[in-house]
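Numbering that gives the first Met the number 0 puts the last residue of the sequence shown at 190; the count rises by one with no breaks. Here a beta-carbon is modelled for each residue, glycine too, at the ideal position from N, C-alpha and C. The block underneath contains the structure these notes are about, expressed in structure tokens.
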Amino acid sequence: MTLPNKLTLARLILTPVGLTLLYVNTIPYNYLCAAIIFMIAMLTDVADGYIARNYDCVTKLGSFLDPITDKLILLLHLIALQTLSLYPLWLILAFTARELIVDAARNYAASQNHYLRANNSGKGKAFLQTVSILSALIYLSASHSQLFGISLDGAFWRRLPFYTLLAAFLVGLIGVGIVIVDAHALFSDTS
0 MTLPNKLTLA RLILTPVGLT LLYVNTIPYN YLCAAIIFMI AMLTDVADGY
50 IARNYDCVTK LGSFLDPITD KLILLLHLIA LQTLSLYPLW LILAFTAREL
100 IVDAARNYAA SQNHYLRANN SGKGKAFLQT VSILSALIYL SASHSQLFGI
150 SLDGAFWRRL PFYTLLAAFL VGLIGVGIVI VDAHALFSDT S
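As structure tokens, this is what we get:
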């Protein structure tokens with residue numbers, strides 16, 4: 000197994016650990032630990048992509064597992080943080096629907112022996128989601144006195160995760176549009 004695949008599996012294993020910490024208030028600094036684990040998981044995503052591309056370690060397993068792991072980490076954290084009242088349910092449902100639509104379009108294209116390219120809006124969406132989740136975890140840490148005296152009081156810090164996630168959703172909608180245009184172009188050429 001290649002190093003990038005090992006990093007992807009490590010990220011997959013870290014996810015339930017970090018999510019569990021969000022709900023176990025008997026563990027000291029649980030929110031801060033969840034934030035650190037999330038940050039480590041997302042850094043392994045950057046590392047595995049860099050290593051796979053630059054050291055010719057791209058594998059079929061990695062090409063399959065990496066994007067699924069990324070979506071799982073982000074969506075599961077969003078759902079968990081929604082249950083802690085940091086995000087509105089409608090936004091989490093909209094994100095889930097967006098992911099399903101894009102994946103359905105890509106899977107359909109693949110079943111017809113076509114490939115829909117990834118686009119930069121997807122990377123921008125994932126980056127903004129990561130920033131949003133991390134800011135939510137840091138806000139939780141501060142609001143539960145787990146940031147060693149650093150206070151993040153005020154509406155700005157409470158609303159930052161929401162507005163960042165809303166921006167991620169809007170960027171993600173651009174990606175849906177690109178996928179639809181690409182799919183239409185592919186299937187128009189073949190008919």
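| Asked | Found |
| --- | --- |
| Should the segment 39–52 be regarded as contacting the segment 93–102, the criterion being three or more beta carbon pairs within less than 8 Å? | no |
| Once you ignore the five residues that flank Val170 on each side, which residues in its own chain have a CB closer than 7 Å to its CB? | Ser120, Gly123, Lys124, Leu127 |
| On the DSSP letters alone, give me the boundaries of the alpha helix (DSSP H) that Cys32 sits inside. | 29–53 |
| Rounded C-beta distance between Leu21 and Tyr28? I'm assuming under 8 Å. | Leu21 to Tyr28, Cβ: 12 Å. No contact. |
| Return helix, strand or coil for Thr14, following the three-state DSSP convention. | helix |
| Apart from the five residues on each side of it in sequence, which residues of its chain come closer than 6 Å, Cβ to Cβ, to Ala79? | Leu18, Leu21 |
| Count the other CB atoms, across all protein chains shown, that sit within 10 Å of the CB of Ile26; report buried if there are 16 or more and exposed otherwise. | exposed |
| For the segment 83–144, list the alpha helix (DSSP H) runs that are entirely contained and at least 4 residues long, ordered along the chain. | 88–110, 119–142 |
| Could you say which of Lys59, Ile177, Ala34 lies nearest to Gln145 if we only look at CA atoms? | Ala34 |
| Which value, in whole angstroms, describes the spacing of the CA atoms of Ser62 and Leu85? | 32 Å |
| Can you have a look at Arg105 and say buried or exposed, based on whether 16 or more other CB atoms are within 10 angstroms of its CB? | buried |
| Go ahead and label Ser134 buried or exposed: buried means 16 or more other beta carbons lie within 10 angstroms of its beta carbon, across all protein chains shown. | buried |
| Check the C-beta distance from Thr68 over to Thr7 and give it rounded, since I have them as a contact under 8 Å. | 5 Å |
| If distances are taken between C-alpha atoms only, which option among Leu139, Ile177, Ala154, Ile12 comes closest to Gln81? | Leu139 |
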